[in-house]
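Written out below as structure tokens is the structure these notes cover.
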Amino acid sequence: MGLVNIKIDGQAYQVESGLTILEAAKKCGFNIPSLCAFNNGKCSRASCRVCLVEVKGARGLVASCVYPVSEGMEITISSPKAIEARRASVELILSNHHKNCLQCEKNGHCELLEVSKMVGARDNMYVGEQTPATLDELAPGIIRDTSKCILCGRCIERCKEAQGISILGFENRGFKTIVSPVGNRSFANSPCLQCGQCVNVCPTGALMEHSEIAKVDEAFRSGKKVIVQTAPAVRAAIAEEFGEKIGTPGTGKMVAALHRLGFYRVFDTNFGADLTIMEEANELLERIKNKGVLPQITSCSPGWINYMEYFYPEVIPNVSTCKSPHMMVGAIIKSYFAKVHELDPKDIFVVSIMPCTAKKYERQRKEMPDDVDAVLTTRELAKMIKRSGINWARLPEEEFDQDLLGEYSGAGVIFGVTGGVMEAALRTAYFWLTGEEHALIDFKAVRGLEGVKEATLDIKGTEVKVAVTSGMKNAKKLLDEVKEGKSPYAFIEIMCCPGGCINGGGQPYVKPMFLPNEDDDILETYRAKRASVLYSEDVRQSVRQSHNNPDIQKLYKDFLGKPGSELAEELLHTSYNSHREKYPNK
Amino acid sequence: MIKIKSSEELISTHEKLASCLDKKFHCEDGKRAIVVCGGTGCLSSDSADLLERLQTLIKEKGLEDRVTANIVGCFGFCSQGPFVKIFPEETLYTKVKVSDAEEIIEKDIIGGEVVERLLFVDPQTKNRVARQHEINFYKLQKRDIALKGNAEINPEDINEAIGQGAFLALNRALHMSRQEVITEVLNSGLRGRGGAGFPTGRKWQFAYDVESEDKYVVCNGDEGDPGAFMDRSIIEGNPINVIEGMMIEAYAIGAKNGYFYIRAEYPIAVNRLKNAIKQCEEMGLLGDNILGTDFSFRCHIRLGAGAFVCGEETALLNSIEGQRGMPRPRPPFPAVKGLWGKPSVINNVETLANVPYILLHGAAAYAAIGTEKSKGTKVFALGGKVNNVGLVEVPMGITLRQLIFDIGGGIPNGKKFKAIQTGGPSGGCLTEKDLDTPIDYDNLIAAGSMMGSGGAIVMDEDNCMVDVAKFYMTFICDESCGKCSPCRIGTKRCLEILTKITDGKGTMQDLEELKSLANVIKSNSLCGLGQTAPNPILSTMNAFYDEYLAHIVDKKCPAHVCKSLMQYKILPEKCVGCGMCARNCPANTIHKTDKVPVGRPATLPLRVHEIDPTNCVKCGLCASNCKFGAVIKD
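Here's what the structure looks like:
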């Protein structure tokens, strides 16, 4: 791509051709406010009309998010006409926005509020009727409040591009337009995965996770033994909530904060990940040995399980029956841990800190109703830490509690990134098949953030083909092959969110507007940065394979017997529903 | 059906069919011809039954070898339909009912006498006019370009169209290079008839210049302006002409497929178009290797669900693709990335209907009609407070005065002309001072309105211009797609302010806000719908600022339209005390007073009545029931 000469506010610059004015301006050091563009200034809608600028020779004002730069273009951002136009667009949006900012959970991350400040919007400049609103609180994972919605359309696009299912769309026309699942149904009554990708891109409080903080508070109040576990991906992102750069590990401080919040025990879901590997690798070997249904597909991602039950129920026999790691931990806490400590499981309240909104739905599945009592997202945990007056910067680094479920392996850590489950499973499966550890612990072929990754492993002469995918749009091709019985693979890892849990729907928002210290390309690099936290923690662990985790070995010796035992089946495995005519409802 | 496989075959078929058509119109074979209007307006006044009755009578009376009867497209003079026209005399009967069929057959066809009572009566001279071309309504019109074939040929029979010269223009185009065709259209000066008036040839040139295996031509038949029905009538009257225009366009830009996007509310147009496409396919005039050349082309029809915004070309493309009808940002322009991401040209129905004329008669002949920058003719749907309501095709450059007073026959009931709204919801109001402006694209824009698709609504002194602005704003507000915030929210806020003003609660600050808001919507909106949405407000504010002030300052509606600002009053000097008003009052708020009506004996129980405004719902029943004109609006 060549370079073009442009002028912005009278200053000459050289930028790559093919950029939009918004992108080019950013590179030249100008922040044009915008609400509907979220892909670093690439937008296909131009619907918010906030990013208007003047271009010499163009008819009227142009939306900088879609207008490409060209040779000799003269752009004016700072003219009174452009400034007034941008302000007026925001003021109009504000006139149809439910401005209860102090009650709004998005406060602090609200792009509308930030843009309002940027353009100098005056409150109540325009007043009038508000669009009839819907508050959808039925779904366990996500809340939709159309009174806050500014119809930017980001969520619609995100759902389509990440999951390929387009749950959300525009309903009604004109002033009555809202964003909703078809027919303004609840998320709970539509085939929504509750993955939360839409929540991540929403500029306002229109889409939020269904908060369970109050539930946890109530558990503390009632004197229950509140045990917390944190998913691997949470540590890779939690520090961002406290102003640290993306890619800063937060494990030690997070544990320290959890101790200060008064949790009875602070465990790591990585233990559950190790346990999952034991069960899942065993299941895979059984399938291979007994000529069972192959490929086996992972079951850790509840968004993927939702997708499968709605759209590919035919592949249920392929999906591992393993519960997801945090559900396994919940089940073990309420059985083994309770037994050893002579506690009544009813007095135990298990909280999972997850990067995920779908986990909130998962814990309420009727197949496993009592394993976990509340699921908080990474963002919710940050809120709890903040409101308790804890100064993140001054927190010491602390260790997870060493009490039966304390140890974890490097294999468990990398669960949080796409390819991690596969790599962890391969480490153990290789050992079980060959009786020796793979010389190269890192199966790098399955790493990386591409949509679909394939690898062929040579296990002492036996070739095993595996595939890894994330994002349901990417998974579709692999699943069609499985459905038609043409899949060449033995094992497939599927994660719902593109990039895996590090990019889950419950993770801290990545909004360049609020991240002045990050690089311009942060939207392209944040996933890799978060993934690197997990990979470096993997390398640091003394134990790198699940089967070598001493606490796991002890659990099997003292309690479960062996992987796939009857007790393990009862506690650690689940079943799926191929007839979800009735959508999940609370 | 015969196949036409080459240029020569087309010409010989045309000559053969032309002589048939000639015979029909000139009675050379001794056979007279009856044609009955088959436009939507006349059909809804039972013209189909009328035709059937005529045909039955012809059969019953054994007149088959003396007369034929068939349907034709719209006559345009819709307020006088249904029409029956008889060739070769060209006698035009108006407002014909099914029950009149027998008299026409008996008296005219058998007896050779004109049925006087069915002739048009000139409202000025009160004379009966027998021939169509003698009626003032038709005198200034030029109905042979866009409305070619309308009211002459049977729109359901391709043979009549070929007889009239259909596909000869295509034939000429196919003998030219693609660039030559585009140059011809460019030279003709044809501009888009959909609203903005973009030069058609330039649009074609853009798409021609883009290299692509697949290109599309799209015909925009999503006519949505209130009161407009040009496109509907053109398709209903001569679908082949539009198809031919599209084929020429497709050949010029290099497209193999064309889409007609027509609203589903136009079932007759859709059916005639479907039928025409089918007949063209059967004759080999659509499909592969048309007229023996390597030009292959197919037509498809897509129905629109009636959203006004789908007339906006990018929203229309989305709708064809099966998506929600919402405009796309530009660039990329449709000529580069249109339907399914391929170069596409979208042209209005009327634009395409002009194309065959240009290719057949040459750019120069076309450019000879009209003004310097606006060539050819324009079809208007003349409506509102005008005597001759209907569809007219006039050369560009005719004045508004000619349009309203000569063709339109002036304002009914001796009322005073106030304004003419052109361009639909995107246009504006033109007033007395603009009456002698020659109609063309640029003049109308300079005068504060626009050509638009051709809706022309005449208003008289009984129209409140604030109310008119409110009407259009309500329309726009309903029809905004909801995509961009200035249009979605801004039009709603405008409507709220206008409602406040018509409710008598407006302030001068509201007026300022309305104006600034209108300008915001204009500059900030995404598509043409939004950018032009405030035009009705801005143009009425510009020309009728006094009326706004009257509403706000004096709390009066000068036209007595805005209910909150007017009340019904009984004039005591005119009231005879009959009590009709009180008996019909649904709110029971009209009472007898003690006053004896003027000139009536006190011994009678008649007393002057009075309206108590507190409970009055302003329904107007008192006024319409008063035979003495004693109830007035104040």
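Going down the list, the protein sequences come from chains A and B.
Residue 212 in numbering that gives the first Met the number 0 sits at position 213 of the first sequence, with consecutive numbering throughout.
Residue 54 in numbering that gives the first Met the number 0 sits at position 55 of the second sequence, with consecutive numbering throughout.
Idealized CB from N, CA, C, for every residue including glycine.
Being a predicted model, the structure only gives us computed values, none of them experimental.
1) Would you list, in chain order, the members of the region 170–200 of chain A that have their beta-carbon closer than 8 Å to a beta-carbon of chain E?
2) For the beta strand (DSSP E) containing B/K632, list its first residue and its last residue.
3) In three-state terms, what does DSSP make of B/F74?
4) Do A/Y360 and A/Q228 come within 8 Å of each other at the CB atom, strictly closer than that value?
5) Between the C-alpha atoms of A/E208 and A/A120, what's the straight-line distance to the nearest angstrom?
6) With A/N4 as the anchor, note down where its beta strand (DSSP E) starts and where it stops.
7) On the three-state DSSP scale, how would you describe A/K464?
8) So, is B/M507 buried or exposed, given that buried needs 16 or more other C-beta atoms within 10 angstroms?
9) I'd like to know if the region 528–545 of chain B and the region 471–480 of chain B are in contact, where contact means that at least 3 CB-CB pairs between them fall below 8 Å.
10) Beta strand (DSSP E) containing B/I3: first to last residue?
11) Judging by CA-CA distance, which residue of B/C279, B/K372, B/Y250 and B/T67 is the nearest neighbour of B/C634?
12) Say whether the region 446–466 of chain B touches the region 418–425 of chain B, bearing in mind that this needs 3 or more beta-carbon pairs closer than 8 Å, one atom from each stretch.
13) Name the one or two DSSP bridge partners that A/A13 has.
14) What is the C-beta distance between A/F414 and A/P231, in whole angstroms, given that I count them as a contact (C-beta under 8 Å)?
15) Using 8 Å as the limit for Cβ to Cβ distance, is B/K632 near chain A?
16) Using beta carbons (cut-off 8 Å, strictly below), is A/R48 in contact with chain B?
17) Applying the criterion that 16 or more other CB atoms from any shown protein chain within 10 Å of the CB defines a buried residue, is A/Y582 buried or exposed?
18) Using a Cβ-Cβ cut-off of 8 Å (strictly less than) and excluding sequence neighbours within five positions of A/A11, which residues of its own chain qualify?
19) Which residues, taken in chain order from the region 598–612 of chain B, show a beta carbon closer than 7 Å to some beta carbon of chain A?
20) By the criterion of Cβ-Cβ separation under 7 Å, what are the contact partners of A/G127 in chain B?
21) Can you check whether the CB of B/L399 is closer than 8 Å to the CB of B/E248?
22) Check whether the Cβ of A/N576 lies closer than 8 Å to any Cβ atom in chain B.
23) Which word fits B/M0, buried or exposed, when buried means at least 16 other C-beta atoms lie within 10 angstroms of its C-beta?
24) Looking at the secondary structure, which residues open and close the alpha helix (DSSP H) in which A/H258 lies?
25) If you run the structure through DSSP and keep just helix, strand and coil, what is A/Q552?
26) Taking B/D459 as part of the beta strand (DSSP E), name the residues at either end of that continuous run.
27) Would you mind giving the Cβ-Cβ distance between B/S671 and B/G489, rounded to the nearest angstrom? I have them listed as a contact below 8 Å.
28) Output the residue ranges of the alpha helix (DSSP H) runs that lie fully inside the region 491–566 of chain A and measure 4 residues or longer, sorted by chain position.
29) Taking the Cβ atom as the reference point for each residue, do B/R192 and B/K417 lie within a distance shorter than 8 Å?
30) Have a look at B/C483, B/K626 and B/M464 and flag the residue whose alpha-carbon is nearest the alpha-carbon of A/F169.
31) Within the same chain, show all residues whose beta-carbon is closer than 7 Å to that of A/V254, passing over the 5 residues directly before and after it, in chain order.
32) A/I141: which of A/F348, A/N516, A/L533 and A/G505 sits nearest, CA to CA?
33) What residues from the region 78–102 of chain A come within 7 Å of chain B, judged by C-beta to C-beta, listed N to C?
34) Between which two residues does the alpha helix (DSSP H) carrying B/H590 extend?
35) Rounded to whole angstroms, what's the CA-CA distance from A/G271 to A/P324? Just pull it up for me.
36) Shortest alpha-carbon distance to A/I92 belongs to which of A/T75, A/S78 and A/S115?
This is what the structure holds:
1) No chain E appears in the structure shown, which is made up of the protein chains A and B.
2) Start at 1 with the first residue of the second sequence, and residue 632 of chain B comes out as number 633. V630 to K632 is the extent of the beta strand (DSSP E) around B/K632.
3) One-based indexing of the second sequence puts residue 74 of chain B at position 75. Reduced to three states, the DSSP call for B/F74 is coil.
4) Locating residue 228 of chain A in the first sequence gives position 229, where the first residue counts as 1. Locating residue 360 of chain A in the first sequence gives position 361, where the first residue counts as 1. Not closer than 8 Å, so no.
5) Looking up residue 208 of chain A in the first sequence gives position 209. Looking up residue 120 of chain A in the first sequence gives position 121. For A/E208 and A/A120, the distance between alpha carbons rounds to 28 Å.
6) Start at 1 with the first residue of the first sequence, and residue 4 of chain A comes out as number 5. First-last of the beta strand (DSSP E) with A/N4: L2 to I7.
7) For the purposes of this step, residue 464 of chain A is identified with residue 465 of the first sequence, where counting begins at 1. Three-state DSSP puts A/K464 in a strand.
8) Your numbering for residue 507 of chain B matches position 508 in the second sequence. By the neighbour-count rule (16 or more Cβ atoms within 10 Å), B/M507 is not buried but exposed.
9) yes
10) Taking the second sequence and counting its residues from 1, the one referred to as residue 3 of chain B is at position 4. No beta strand (DSSP E) contains B/I3, which DSSP labels as neither H nor E.
11) Outside the displayed range of chain B (0 to 633) lies residue 634 of chain B, so it cannot be described from this structure.
12) yes
13) Position 14 of the first sequence holds residue 13 of chain A. Correcting the residue identity first, residue 13 of chain A is Gln in this sequence and not Ala. Paired residue(s): A/N4.
14) Position 415 of the first sequence, counting from 1, holds the residue named residue 414 of chain A. Position 232 of the first sequence, counting from 1, holds the residue named residue 231 of chain A. A/F414 to A/P231, Cβ: 5 Å. Contact.
15) For this step, residue 632 of chain B is matched to residue 633 along the second sequence. Not an interface residue.
16) What you label residue 48 of chain A is simply residue 49 of the first sequence in a count that begins at 1. Chain B contact via Cβ: present.
17) Here residue 582 of chain A refers to the residue found at position 583 of the first sequence. Below a pLDDT of 50, predicted positions are generally treated as unreliable, and A/Y582, at 49, falls in that range; the measurement from the model is reported next regardless. Buried, by the Cβ-count rule.
18) Within the first sequence, numbered from 1, the residue matching residue 11 of chain A stands at position 12. Cβ within range, chain order: N4 and I5.
19) none
20) Counting from 1 along the first sequence, the entry for residue 127 of chain A is found at position 128. What A/G127 touches in chain B: K491, R492 and E495.
21) As a first step, residue 248 of chain B must be located in the second sequence, where it is residue number 249. As a first step, residue 399 of chain B must be located in the second sequence, where it is residue number 400. Cβ atoms of B/E248 and B/L399: not closer than 8 Å.
22) The sequence position of residue 576 of chain A within the first sequence is 577, counting from 1. Closer than 8 Å: no.
23) Along the second sequence, read from residue 1 onward, the residue named residue 0 of chain B stands at position 1. Exposed, by the Cβ-count rule.
24) Within the first sequence, the letter at position 259 stands for residue 258 of chain A. Element bounds for A/H258: T250 to R259.
25) Reading the first sequence from its first residue, position 553 is the one you call residue 552 of chain A. Three-state DSSP puts A/Q552 in a helix.
26) If you number the second sequence from 1, residue 459 of chain B lands on position 460. Note, B/D459: beta strand (DSSP E), G454 to D459.
27) Beyond the ends of chain B as shown, which are 0 and 633, falls residue 671 of chain B; an answer cannot be given.
28) 521–539 and 549–554
29) Counted from its first residue, the second sequence places residue 192 of chain B at position 193. Counted from its first residue, the second sequence places residue 417 of chain B at position 418. Contact flag unset, no.
30) Numbered from 1 along the first sequence, position 170 holds the residue referred to as residue 169 of chain A. Checked all of B/C483, B/K626 and B/M464; the closest Cα to A/F169 is B/C483.
31) Sequence index remark: in the first sequence, residue 254 of chain A carries index 255 (1-based). Same-chain partners within the cutoff: V265, E397, E398 and F399.
32) Along the first sequence, one-based indexing puts residue 141 of chain A at 142. The shortest C-alpha separation from A/I141 is found at A/G505.
33) A84, A87, S88, L91, I92, S94 and N95
34) Here residue 590 of chain B is taken as the residue at index 591 of the second sequence, counted from 1. No alpha helix (DSSP H) contains B/H590, which is instead part of the beta strand (DSSP E) from I589 to K591.
35) As a working mapping, residue 271 of chain A is identified with position 272 in the first sequence. As a working mapping, residue 324 of chain A is identified with position 325 in the first sequence. If you take the alpha carbons of A/G271 and A/P324, they lie about 4 Å apart.
36) Position 93 of the first sequence, counted from the first residue, corresponds to residue 92 of chain A. Residue A/S115 is the option with its Cα nearest to A/I92.
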